[in-house]
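> Throughout the sequence shown, residue numbering follows my numbering, covering 34 to 626 in sequence.
The following block contains the structure, expressed as structure tokens.
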Amino acid sequence: MSMTTATIRQIRQHGPTPSTIGLKSFPVCAAPNMTTIGNARMKLEIEIKQLQRSWRDFQDSLRHHEQRSQTLASLDLVRESIEEAVQLWSTPKQQPLLQKSVKWAQTCLDTLDVHPRLMEFLPEPQRAYDLFFGVVYSVINASKEQYRVAGVFLKFLTKINKAVSSALVLASSELAASLYAQIFLFLGEFMRDYVAKSRCRILYSHNEDFKTNFKNLIDSVENFAAMKTDSVCSSPCVYTDTAGLVKVGLEGDARVQASQTTFIRQLIWNVQKKKAVNAKLAQGWRRIFDLFLSELKVRVRKVDADGAFCQLSGSSLVDQQNHQPESVDITTKRRLLKLRVQQDSSSLQDFFDNNEQTHPFGVDERLAIPAPVATEIYNWMRVNPSLPLAVEGSHSLGLPGRLTLISACYVSIARKHSIPTVSHFCAASPRASKEAGIISLVYSLIRQLIDVAPPMMDCDSNCDLGKERFCRLNGTMSSWTDALGILDALLRYKPPVLFCVIDALDVLEDESTVQYVKPLVDLLVSHTTRCSTAHSDVQQTGIPKDGLIKVLFTTAGQCQAIQNTFNQGRGLLITTDPTHVHVVNEDTMDIDA
């Protein structure tokens with residue numbers, strides 16, 4: 034799909050409706066009388082009507098059992114809803130992932146009561162009250178199980194609460210109307226973005242960015258309140274998100290045109306922001322790895338258990354002579370929007386559960402591992418670039434295996450330090466067959482790689498990420514070649530640093546499926562060697578030109594595909610007794626590598 038004006042128009046008409054807010058702020062001059070009371074009230078009335086429409090569309094998009102009628106909601110009802118969410122998020126299974134969401138929920142509870150006080154300055158306080166708390170109640174209830182969506186919404190709501198609180202200092206009818214027009218615009222845009230991401234089926238994603246589209250609009254709400262109450266207007270210029278706020282009070286074609294213009298500018302800004310984030314990651318990866326290793330040493334207890342052993346085979350070192358970067362003639366033909374690829378691949382969600390991409394590992398939990406195994410893991414993390422590492426049990430102890438805890442700990446620390454991570458725990462959900470499990474694994478990796486891809490992907494002649502190809506992925510092994518081809522293509526768009534963790538691959542393998550598992554392992558290994566091995570390809574940052582990927586396997590028992598590949602010197606295999614791997618509940622422990 035070529036990136037043309039027609040393409041963008043088609044996406045807006047037929048594809049997901051992206052949020053149109055969040056452009057980068059820039060300085061503009063502040064006029065002494067930014068709006069009259071009448072103009073402010075007119076804009077507020079328009080935003081109220083727009084928000085009511087967005088609320089109806091939002092409700093219609095929810096699954097039937099999630100729908101709640103647009104009945105009146107009070108401050109107390111919203112508080113009860115947030116408290117219920119906190120209770121859900123505080124369960125042992127959820128707690129490791131939801132700490133930030135719980136923090137913002139508790140802060141939000143303490144600041145919600147400012148709204149009724151400022152709304153008293155509006156022309157129809159009760160109408161605004163019912164709409165605001167009704168929408169907030171709906172969003173919180175819809176997103177309770179989508180912890181990253183809920184966490185972002187509550188964070189923004191807390192910032193709005195604080196802006197409203199500051200506005201109470203010099204409250205007026207004009208100030209209240211102007212401020213709530215912006216707040217209602219944000220709520221409408223957030224619900225539209227929610228609906229768009231729902232169509233792409235990424236609301237449960239562990240990697241999708243749910244806040245970038247709104248951060249600068251929220252900043253503008255905060256700045257507007259500060260400008261009116263903290264004498265910021267005495268300065269000739271203030272930072273205001275005028276590109277977003279120009280939409281406030283517009284209707285009909287003018288609003289549509291503003292949305293289209295802002296969407297394109299938002300896309301450009303997102304591309305630039307992603308490049309900046311990747312550049313920062315490429316520059317600072319050594320420091321991030323040091324932080325990762327430091328925490329790994331705290332979270333892992335090395336034990337010298339009787340009978341514990343550590344058998345090594347293969348190697349983690351990349352052979353520069355045998356693994357030279359591939360030489361491929363590349364011709365750029367088109368650009369693909371990640372949003373479009375997410376929508377085109379949405380049907381893959383039918384074959385896996387996002388809960389299979391994580392395994393509970395509490396922030397207060399510590400992991401006991403035989404000392405030789407822990408040392409080899411530390412050493413592997415220090416060697417970069419490196420071939421994959423596999424830790425296998427000498428015998429299976431049932432599902433999930435104890436070595437699953439190694440992967441769980443690894444993923445937990447990586448996500449804490451914002452290291453791009455794709456992971457899958459193959460034994461997390463029962464499958465009708467081993468083939469279904471393999472399909473689940475690969476489709477899960479595909480969707481996660483799309484989530485961490487840049488907003489716009491430059492596709493060459495060797496890359497096919499079109500809708501027709503995704504349609505061929507029908508959940509059967511007949512589409513296996515296409516699935517691996519897509520996985521291979523997406524790995525070209527990985528961030529500068531990527532962790533890939535796969536647990537329990539052995540449970541998917543038997544004589545009939547090894548023909549599928551082996552090519553998958555080989556593909557992942559090839560990308561670790563493709564991360565340039567020649568000194569001339571290493572940038573000043575010390576990171577290979579093609580990025581750095583760390584692949585970790587953990588298996589309860591032997592996996593033939595891994596053994597065959599790693600025994601050829603294409604990875605490091607550690608075999609150990611899994612009975613000596615277990616969780617210990619200790620507050621702190623410093624372990625020397």
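Just so you know, even glycine gets a beta-carbon here, dropped at the ideal spot from N, CA and C.
Below 8 Å on the Cβ atoms is my contact criterion, and I expect L581 with P418 to pass it. Report the Cβ-Cβ distance as a whole number of Å.
Contact holds; Cβ gap of about 6 Å.
> Pull up the distance between the alpha-carbon of F166 and that of A183, whole angstroms please.
16 Å
> Give me the Cβ distance between Q344 and T608, rounded to the nearest whole Å; I'm assuming they're in contact under 8 Å.
For a cut-off of 8 Å, the C-beta gap from Q344 to T608 is around 4 Å, short enough to register as a contact.
> If you compare alpha carbons, which of W137, P156 and W413 is closest to Y213?
P156
> On the three-state DSSP scale, how would you describe L531?
It is a strand residue.
> State whether the segment 517-533 contacts the segment 385-398, with contact taken as three or more CB pairs (one from each stretch) at a distance under 8 Å.
Counting C-beta pairs closer than 8 Å gives fewer than three between the segment 517-533 and the segment 385-398, which falls short of the contact rule.
> Counting only beta-carbon separations shorter than 7 Å, does L190 have a partner in chain D?
The structure shown has no chain D; it contains just one protein chain.
> Can you tell me where the alpha helix (DSSP H) with M510 in it begins and where it stops?
Looking at the DSSP string, M510 is not in any alpha helix (DSSP H), and its letter there is neither H nor E.
> If we call anything under 7 Å between Cβ atoms a contact, is G285 one with L420?
no
> Alpha carbon to alpha carbon, how far is E178 from V614? Give it in angstroms, no decimals.
31 Å
> Straight-line CA distance for E544 to R415?
36 Å
> Label L436 either buried or exposed according to how many other C-beta atoms from any shown protein chain fall within 10 Å of its C-beta, with 16 as the threshold for buried.
buried
> Which of helix, strand or coil does DSSP assign to E425?
strand
> What number of angstroms, rounded off, separates the C-alpha of C233 from the C-alpha of Q593?
36 Å
> Considering only the beta carbon of each residue, do G434 and A589 sit closer than 7 Å?
For G434 and A589, yes; Cβs fall inside 7 Å.
> Where does V202 land, buried or exposed, given buried means 16+ other C-beta within 10 angstroms?
Exposed is the call here.
> Under the three-state reduction of DSSP, which class applies to I595: helix, strand or coil?
It is helical.
> Runs of 4 residues minimum, wholly inside the segment 209-265: which ones carry the alpha helix (DSSP H) assignment?
If we require 4 residues or more, the alpha helix (DSSP H) runs fully inside the segment 209-265 come out as 245-262.
> How many Å lie between F322 and W302 at the Cα?
28 Å
> Excluding the five sequence neighbours on either side, which residues of its own chain have a C-beta within less than 7 Å of the C-beta of T587, listed in chain order?
V424, L436, T437, I439, S440 and D536
> Count the other CB atoms, across all protein chains shown, that sit within 10 Å of the CB of N507; report buried if there are 16 or more and exposed otherwise.
For N507, the number of other beta carbons within 10 angstroms of its own is below 16, and it is reported as exposed.
> Would you report the Cα separation of V135 and Y180, rounded to the nearest angstrom?
If you draw a straight line from the Cα of V135 to the Cα of Y180, it is about 9 Å long.
> Can you tell me where the alpha helix (DSSP H) with V455 in it begins and where it stops?
Segment T454 to F458 is the beta strand (DSSP E) holding V455; no alpha helix (DSSP H) there.
> What is the C-beta distance between I701 and V530, in whole angstroms, given that I count them as a contact (C-beta under 8 Å)?
Residue 701 is absent from the structure shown; the chain starts at 34 and stops at 626.
> According to DSSP, is K583 part of a helix, a strand, or is it coil?
strand
> Please state the DSSP three-state secondary structure of P403.
strand
> Have a look at E153, A229, K230 and D226 and flag the residue whose alpha-carbon is nearest the alpha-carbon of E207.
E153
> Locate the beta strand (DSSP E) running through D610, then write down its first and last residues.
For D610, no beta strand (DSSP E) segment is defined, and its DSSP state is neither H nor E.
> Report the partner residues of H615 according to the DSSP bridge assignment.
A401
> For the beta strand (DSSP E) containing V554, list its first residue and its last residue.
That residue, V554, is in no beta strand (DSSP E); its alpha helix (DSSP H) goes V547 to R563.
> Could you check whether C459 and L538 sit closer than 7 Å to each other, using their CB atoms as the reference points?
Yes. Within cutoff.
> Can we say the segment 72-81 touches the segment 105-125, given the rule of at least three CB pairs closer than 8 Å?
By the Cβ criterion, the segment 72-81 is not in contact with the segment 105-125, since fewer than three pairs of Cβ atoms, one from each stretch, lie closer than 8 Å.
> Going by DSSP, what residues sit across from D536 in a beta bridge?
Per DSSP, the beta-bridge partners of D536 are F458 and T587.
> List the endpoints of the continuous beta strand (DSSP E) containing D493.
Counting along the chain, the beta strand (DSSP E) containing D493 begins and ends at M489 to D493.
> Under 8 Å by Cβ, that's how I've got V534 and R399 pegged, so tell me the actual separation to the nearest angstrom.
About 19 Å; that fails the 8 Å criterion.
> Tell me Q344's beta-bridge partners as DSSP assigns them.
T608
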